[in-house]
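The structure under discussion appears below in the form of structure tokens.
2 protein chains.
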Amino acid sequence: MTQRIFLSPQDCEAAFYEALEKADLDAMMAVWADDEEIVCVHPGGPRLVGLEAVREAWRRVFQGGARLSVRIGNVLAMQSMMMATHCVHEFIGIKGEARPAAPVVATNVYVRSGNGWKLLLHHSSTSPKVEQGADKGSAGARPKVLH
Amino acid sequence: MTQRIFLSPQDCEAAFYEALEKADLDAMMAVWADDEEIVCVHPGGPRLVGLEAVREAWRRVFQGGARLSVRIGNVLAMQSMMMATHCVHEFIGIKGEARPAAPVVATNVYVRSGNGWKLLLHHSSTSPKVEQGADKGSAGARPKVLH
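Protein sequence lines correspond, in order, to chains W and R.
For the first sequence, this note's numbering assigns the number 24 to the initial residue and increments by one for each residue that follows.
For the second sequence, this note's numbering assigns the number 24 to the initial residue and increments by one for each residue that follows.
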């Protein structure tokens with residue numbers, strides 16, 4: 024298992040989407056918290072709980088190799104000392120195909136552990152429409168911080 | 024607007040689902056954080072951001088009156104000082120109809136404000152299958168606490 028330490032939820036999120044684009048299972052699993060209650064929901068899928076179930080689902084997604092292009096936008100981020108919540112739009116396309124990317128709305132929850140920030144929960148679902156720019160937040164937006 | 028103070032994320036969650044069953048728009052909006060970046064995703068729907076968009080969507084859901092029965096199960100809860108994440112299965116039925124409840128997976132994120140705990144984000148999506156009891160967590164489970 025690759026060991027990486029993420030100093031912010033943003034770093035952890037960037038690594039998550041990089042692993043998704045590269046179809047890199049080890050890199051993907053390195054972003055998740057070492058917790059038996061991690062949760063992953065793929066669009067239209069059931070709730071998967073625990074490292075084993077989450078890993079197996081990503082293995083299946085990745086088995087065709089790296090073929091996705093992923094762009095993230097309209098980021099809404101709220102951060103506290105130990106936990107952070109990001110809600111983003113994912114624009115996912117198939118490499119080499121010209122058809123428009125499928126819009127997906129994803130909620131990502133990160134927790135701070137002794138090894139930096141890790142992904143606790145990823146909940147994604149297809150979205151019937153995404154008005155780019157009409158929504159608040161952007162990829163470079165600073166997180167709102169709770170005091 | 025009804026003013027209520029919730030002393031825990033659990034209290035806030037109970038009020039959320041009670042308002043849903045009662046189709047009580049004021050009670051529903053009283054559980055949400057007073058923040059322009061609150062997020063609500065209904066099953067199959069787009070991401071709604073802000074009090075006005077969230078309220079309008081609930082108004083439409085409720086316009087037929089109280090007709091839903093809602094049961095919550097398989098609760099996974101992670102709590103820190105200022106933020107809490109719950110992931111639950113919602114078993115939603117139409118009152119008076121015998122057909123099985125539709126399973127929905129919902130992620131609820133709560134934040135602690137000066138007025139107690141409030142709902143920041145509700146992301147729900149239909150789930151193809153829910154194995155009751157096979158999944159971890161239960162409605163009475165104590166939240167895992169981050170230290």
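Ideal placement from N, C-alpha and C gives every residue a C-beta, glycine not left out.
| Check | Outcome |
| --- | --- |
| Residue-level contact to chain R via CB, arginine 90 (chain W), 8 Å cutoff | no |
| Endpoints, the beta strand (DSSP E) within which glutamine 102 (chain W) is located | 91-102 |
| Residue range of the alpha helix (DSSP H) that includes alanine 125 (chain R) | It is not in any alpha helix (DSSP H) - alanine 125 (chain R) instead sits in the beta strand (DSSP E) that spans 125-136. |
| Test: valine 64 (chain W) CB closer than 8 Å to a CB of chain R | yes |
| Neighbour list for arginine 82 (chain W) in chain R, Cβ cutoff strictly below 9 Å | The premise fails here: arginine 82 (chain W) is roughly 19 Å from chain R at the closest Cβ pair, so nothing lies under 9 Å. |
| Leucine 99 (chain R) to leucine 144 (chain R) span [Cα, whole Å] | 16 Å |
| Phenylalanine 39 (chain W): first and last residue of the uninterrupted alpha helix (DSSP H) it sits in | 32-45 |
| Same chain, Cβ closer than 8 Å to methionine 105 (chain R), neighbours up to 5 away in sequence not counted | Val134, Arg135 |
| Counted within 10 angstroms of its Cβ, other Cβ atoms place lysine 141 (chain W) as buried (16 or more) or exposed | buried |
| Interface flag, proline 166 (chain R) vs chain W, CB-CB below 8 Å | no |
| Spatial distance of lysine 171 (chain W) from alanine 121 (chain R) (CA atoms) | No statement about residue 171 (chain W) is possible, as the shown extent of chain W runs from 24 to 170 and does not include it. |
| Pair within 8 Å by beta-carbon distance, threonine 149 (chain W) and histidine 146 (chain R) | no |
| Arginine 78 (chain R) versus alanine 125 (chain W) - alpha carbon distance | 27 Å |
| Cβ contact (3+ pairs, closer than 8 Å) linking the segment 39-55 of chain R and the segment 73-88 of chain R | yes |
| Per-residue DSSP class, three states only, for glutamate 113 (chain W) | strand |
| Euclidean distance between Cα positions of alanine 56 (chain R) and cysteine 110 (chain R) | 18 Å |
| Chain-ordered neighbours of serine 103 (chain W) on chain R, where CB pairs are closer than 9 Å | Ser103, Met104, Met105, Met106, Val134, Arg135 |
| Minimum Cβ-Cβ distance from proline 123 (chain R) to chain W less than 8 Å | no |
| Short CB-CB distance (under 8 Å) between arginine 94 (chain R) and chain W | no |
| Proximal chain W residues relative to cysteine 110 (chain R), where beta-carbon distance stays under 7 Å | Val62, Arg70, Leu144 |
| Helix, strand or coil at leucine 48 (chain R) [DSSP, three-state] | helix |
| For histidine 146 (chain R): DSSP bridge partner residues | R:Val64, R:Thr130 |
| First and last residue of the uninterrupted beta strand (DSSP E) at arginine 70 (chain W) | 70-72 |
| Distance CB(leucine 91 (chain W))-CB(isoleucine 115 (chain W)) smaller than 8 Å | yes |
| Chain R contact residues for proline 151 (chain W), given Cβ-Cβ distances below 9 Å | Gly67, Gly68, Pro69 |
| Proximity winner among W:Val128, W:Gly96, W:Ala107, relative to leucine 30 (chain W) (alpha-carbon distances) | W:Ala107 |
| When R:Pro66, R:Ala53, R:Val128 are compared against alanine 42 (chain R), the one with the closest alpha-carbon | R:Ala53 |
| Valine 54 (chain R) in three-state terms, based on DSSP | coil |
| Closer than 8 Å to chain W by CB, valine 128 (chain R) | yes |
| 8 Å Cβ cutoff met for proline 69 (chain R) and proline 151 (chain W) | yes |
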